[in-house]
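S.K.: Below is the structure I would like to discuss, written out as structure tokens.
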Amino acid sequence: MAQQESLEFRTEVQQLLNILANSLYTEREIFLRELISNSSDALHRIQFEMLTNRDVLDPDAELAVRIDFDEEARTLTVSDTGIGMTCEELIENLGTIAHSGAMTFLKELEEGQRPADIIGQFGVGFYSVFMVADEVTVTTRSYKPEARAWRWTSRGDSHFTIAPADKETRGTTVEIKLKEDAAEFASAWRLEQIVKKHSDYVSFPIYVRDKVVNRQTALWRKSPQEVTEEEYEDFYRQLTLDFEKPLLHVHLVTDVPVDIHSILYVPRKRERGFTRLPDEYGLRLYSKKILIQERNQDLLPEHLRFVEGVVDSEDLPLNISRETVQSSRAIRQIRKALTGRVVKALRSLAEERPDDYRVFWDEFGLFIKHGVTTDPTARDGLLPLLRFYTSRSGDELVSLADYVGRMAEGQEVIYYLLGSDRAAVESSPHLDYFRAHDLEVLYLLDPLDGFMIQSLGEYEGKRFQNVDDPELELPEEAAEAEEGEEAAERLSADEFAALAGRFKEVLGERITEVRESKVLSGSPCRLVSPEAGPGRDLDRVRRWLEQDFEVPAMILELNPRHPLIRNLAHLVAEQPGDPLIGAVIEQLYENLLLLDGLHPNPSQMVPRIQRLLEAAVRR
2 MAQQESLEFR TEVQQLLNIL ANSLYTEREI FLRELISNSS DALHRIQFEM LTNRDVLDPD
62 AELAVRIDFD EEARTLTVSD TGIGMTCEEL IENLGTIAHS GAMTFLKELE EGQRPADIIG
122 QFGVGFYSVF MVADEVTVTT RSYKPEARAW RWTSRGDSHF TIAPADKETR GTTVEIKLKE
182 DAAEFASAWR LEQIVKKHSD YVSFPIYVRD KVVNRQTALW RKSPQEVTEE EYEDFYRQLT
242 LDFEKPLLHV HLVTDVPVDI HSILYVPRKR ERGFTRLPDE YGLRLYSKKI LIQERNQDLL
302 PEHLRFVEGV VDSEDLPLNI SRETVQSSRA IRQIRKALTG RVVKALRSLA EERPDDYRVF
362 WDEFGLFIKH GVTTDPTARD GLLPLLRFYT SRSGDELVSL ADYVGRMAEG QEVIYYLLGS
422 DRAAVESSPH LDYFRAHDLE VLYLLDPLDG FMIQSLGEYE GKRFQNVDDP ELELPEEAAE
482 AEEGEEAAER LSADEFAALA GRFKEVLGER ITEVRESKVL SGSPCRLVSP EAGPGRDLDR
542 VRRWLEQDFE VPAMILELNP RHPLIRNLAH LVAEQPGDPL IGAVIEQLYE NLLLLDGLHP
602 NPSQMVPRIQ RLLEAAVRR
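Note that this note's numbering has the sequence shown beginning at 2, numbered continuously upward.
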């Protein structure tokens with residue numbers, strides 16, 4: 002592109018601009034926070050680039066943000082000496098909104114949220130300038146020596162223009178023609194107030210005219226006793242653009258065995274708008290307050306990748322490479338210290354603020370399970386963090402220690418049940434016996450749980466056992482009580498044999514055996530693994546991962562005391578040719594697959610269910 006060109010915004014951007022351009026919100030000052038945040042990011046990027054590349058435009062320019070204004074002309078200028086943009090980058094960054102952020106932003110506005118709370122979360126921060134601007138001009142030049150300067154101009158309507166520009170220096174300048182009712186922002190006092198409120202910890206100097214107005218103090222370099230909760234929260238917002246308070250922070254300052262200055266945060270939510278791509282995780286790594294890596298993924302184990310924060314160390318060289326980081330003894334020591342402190346903080350959160358820990362577990366529990374499953378060295382520290390629903394816990398989550406502490410007398414194993422969700426598990430026939438004898442069962446509802454339990458094997462000397470295990474171990478006291486119960490009306494041996502034969506005939510190779518159940522009471526039947534071991538626990542994982550998943554053949558246990566089974570046996574004896582028999586058997590079998598989280602295609606049951614309903618109505 003060699004001449005000026007007029008381009009059109011995408012539809013959702015036009016909607017967004019229309020809202021912001023006509024906004025009268027009292028929090029309009031946040032536009033400056035967003036522009037400074039963009040400048041700070043650009044400065045970090047050029048600082049990072051120059052660690053390995055000095056062939057840049059203006060290599061000796063001060064890394065800073067400069068704010069100027071003209072009160073009479075009602076103009077405001079925000080400029081930086083950051084990485085700058087090429088023409089293509091300018092169009093991409095200011096002509097569109099990545100990840101459809103505008104649509105989500107508009108939806109949040111419709112639901113009544115304040116713009117101040119959500120601008121910046123959806124990649125729309127720059128556009129907040131149109132709350133105060135009649136016209137905005139962005140002039141930028143990339144750090145690449147051969148790149149030329151470009152100018153982007155918009156009045157907040159449906160179009161913007163791109164044209165070559167005259168700019169000798171690297172970086173970006175945003176010129177704002179203020180609306181009449183936004184004249185307050187052409188004032189040194191007002192601008193300084195906004196900077197101190199929102200951008201005081203930006204690590205580059207922010208000039209208003211010729212005066213540096215931000216502290217630039219690296220918060221992580223302070224003693225924890227000197228930092229207030231408000232400062233921690235402000236720094237978190239600047240670091241992450243997440244405007245919800247974090248669940249907790251960890252401030253670590255040590256000098257032995259390695260120098261560490263670090264502030265780490267556990268966010269309240271896993272998904273925080275559209276400011277982060279899925280693979281963008283890691284901590285900001287500094288050496289002597291100089292950023293050397295924006296997203297270091299070696300400072301914490303992968304199962305703690307949800308943690309945000311900064312780490313600074315005097316023991317790291319400025320020119321450290323990724324390969325050097327991975328083999329660095331100092332990095333290994335830092336990783337060990339940070340990991341220990343994060344896990345300790347999470348354990349304290351669970352003990353002291355259980356409601357907040359519930360929020361954490363709902364969002365990040367899968368990460369902890371992943372650590373337990375894949376990292377044997379981390380297992381002992383993570384086990385106290387695990388939480389489960391159980392057959393006795395209601396809506397409360399319990400730890401393994403809670404479970405073991407209230408095991409029944411004579412109980413030697415930890416019982417668990419796999420399922421796709423709580424509703425399915427709580428309807429499972431496998432629980433009949435355990436409910437009758439008040440034996441607690443862990444609910445394992447995630448596909449990863451089967452892997453995790455198999456990797457654990459046992460906890461505090463108590464091994465885990467699936468309640469569908471063919472070699473199920475039950476406390477002697479409970480087993481004796483079962484044997485002493487009065488038998489309900491049941492089928493004769495011949496009736497049961499005939500019914501079992503019909504089940505085997507209908508289901509064929511899908512079952513290995515039909516037998517009488519010794520544990521069912523309120524349910525008509527259940528499916529049992531033919532062999533003990535990890536196979537059944539991993540079947541649900543295969544069900545999730547494999548498109549051509551085939552349900553394994555299992556043992557079918559019938560409850561001869563259940564009315565449905567007795568009536569079905571009578572129907573087999575009296576009307577063996579009735580087509581309902583086959584439909585009922587198929588439906589009972591598929592009900593069990595559904596409850597066990599193994600059904601490959603539940604929707605295929607619908608026609609059969611309808612036939613059964615029609616038959617029931619006719620009778």
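Idealized CB from N, CA, C, for every residue including glycine.
Start and end of the beta strand (DSSP E) containing residue 68?
M.R.: 66 to 71
S.K.: At the level of alpha carbons, what is the spacing between residue 380 and residue 251?
M.R.: If you take the alpha carbons of residue 380 and residue 251, they lie about 21 Å apart.
S.K.: Output needed for residue 290: all residues of its chain with C-beta closer than 8 Å, excluding positions within five of it in sequence on either side, in chain order.
M.R.: 204, 219, 222, 313
S.K.: With contact counted as at least three CB pairs below 8 Å, one residue from each stretch, are the segment 292 to 299 and the segment 350 to 366 in contact?
M.R.: no
S.K.: Using DSSP with H/G/I as helix, E/B as strand and the rest coil, what is residue 183?
M.R.: helix
S.K.: Of the choices 258, 284, 230, 271, whose alpha-carbon is the least far from that of residue 240?
M.R.: 284
S.K.: Check whether chain D comes within 8 Å of residue 204, counting only Cβ atoms and requiring the distance to be less than that.
M.R.: This model lacks chain D altogether; it includes just one protein chain.
S.K.: Strictly by DSSP, which residues pair up with residue 310?
M.R.: 265
S.K.: Measure from the alpha carbon of residue 71 to the alpha carbon of each residue in 554, 454, 79, then state which is nearest.
M.R.: Among 554, 454, 79, the Cα nearest to that of residue 71 is on 79.
S.K.: If distances are taken between C-alpha atoms only, which option among 229, 189, 232 comes closest to residue 211?
M.R.: Taking only the C-alpha atoms, the option nearest residue 211 is 189.
S.K.: Go ahead and pull the three-state DSSP assignment for residue 202.
M.R.: coil
S.K.: Are the segment 127 to 137 and the segment 26 to 41 touching, with three or more C-beta to C-beta distances below 8 Å?
M.R.: Cβ pair count under 8 Å is three or more, so yes.
S.K.: Between the Cα of residue 528 and the Cα atoms of 507, 506, 553, which residue gives the shortest distance?
M.R.: It is 553.
S.K.: Would you list the residues sitting across from residue 526 in a DSSP beta bridge?
M.R.: Residue 526 pairs with 559.
S.K.: To the nearest angstrom, report how far apart residue 614 and residue 585 are at their CA atoms.
M.R.: 11 Å
S.K.: Please report the straight-line C-alpha distance between residue 577 and residue 608, rounded to a whole angstrom.
M.R.: 23 Å
S.K.: Report yes or no: do the segment 436 to 450 and the segment 418 to 425 share at least 3 C-beta pairs separated by less than 8 Å?
M.R.: yes
S.K.: Quick one: what's got a C-beta closer than 6 Å to residue 487's C-beta in the same chain, skipping five residues either side?
M.R.: Reliability of the predicted coordinates at residue 487 is poor, the pLDDT of 44 falling under 50, and the value obtained from them is presented with this limitation in mind. Counting only Cβ-Cβ distances below 6 Å, and skipping sequence neighbours, we find nothing.
S.K.: What does the alpha-carbon distance come out to for the pair residue 309 and residue 261?
M.R.: 16 Å
S.K.: Can you give me the start and stop residues for the beta strand (DSSP E) that residue 74 sits inside?
M.R.: Per DSSP, residue 74 belongs to no beta strand (DSSP E) and is neither H nor E.
S.K.: Determine the direct distance from the alpha carbon of residue 412 to that of residue 679, and round the result to whole angstroms.
M.R.: What the structure shows of the chain is the stretch from 2 to 620, and residue 679 is not part of that stretch, so it cannot be assessed.
S.K.: DSSP three-state call for residue 299: helix, strand or coil?
M.R.: coil
S.K.: Nearest to residue 338 by alpha carbon, out of 127, 256, 66?
M.R.: Nearest C-alpha to residue 338: 256.
S.K.: Report back the beta-carbon spacing between residue 298 and residue 282 to the nearest angstrom; my notes put them in contact at under 8 Å.
M.R.: 7 Å
S.K.: Mind the definition here: the segment 564 to 580 touches the segment 505 to 515 only if three or more C-beta pairs lie below 8 Å; say whether that holds.
M.R.: no
S.K.: For my contact list, residue 196 and residue 209 are in at a C-beta cut-off of 8 Å; report their separation, rounded to the angstrom.
M.R.: 7 Å
S.K.: How would you write the range of the alpha helix (DSSP H) that residue 131 sits in, first residue to last?
M.R.: That residue, residue 131, is in no alpha helix (DSSP H); it is neither H nor E in DSSP.
S.K.: What is the DSSP secondary structure of residue 592, counted as helix, strand or coil?
M.R.: helix
S.K.: First and last residue of the alpha helix (DSSP H) that includes residue 164?
M.R.: Note, residue 164: premise wrong, no alpha helix (DSSP H); beta strand (DSSP E) at 160 to 165.
S.K.: Can you name the residues that DSSP bridges to residue 212?
M.R.: Residue 212 pairs with 209.
S.K.: Closest by CA to residue 238, which one among 202, 217, 226?
M.R.: Nearest option by C-alpha distance: 202.
S.K.: Please state if the CB of residue 246 and the CB of residue 269 are separated by a distance shorter than 8 Å.
M.R.: Against a cut-off of 8 Å, the Cβ pair of residue 246 and residue 269 comes out as a contact.
S.K.: Note down, in chain order, each residue of its chain lying with its Cβ closer than 7 Å to the Cβ of residue 654, except the 5 sequence neighbours on either side.
M.R.: Look at the range of the chain in this structure, 2 to 620, and you will see that residue 654 is not part of it.
S.K.: Please confirm whether residue 34 and residue 184 have their CB atoms less than 8 Å apart.
M.R.: No, they are not a contact pair.
S.K.: Taking the alpha-carbon positions, what's the residue 368 to residue 304 distance?
M.R.: 5 Å
S.K.: Just verifying my parser: in three-state terms, what is the DSSP assignment at residue 404?
M.R.: helix
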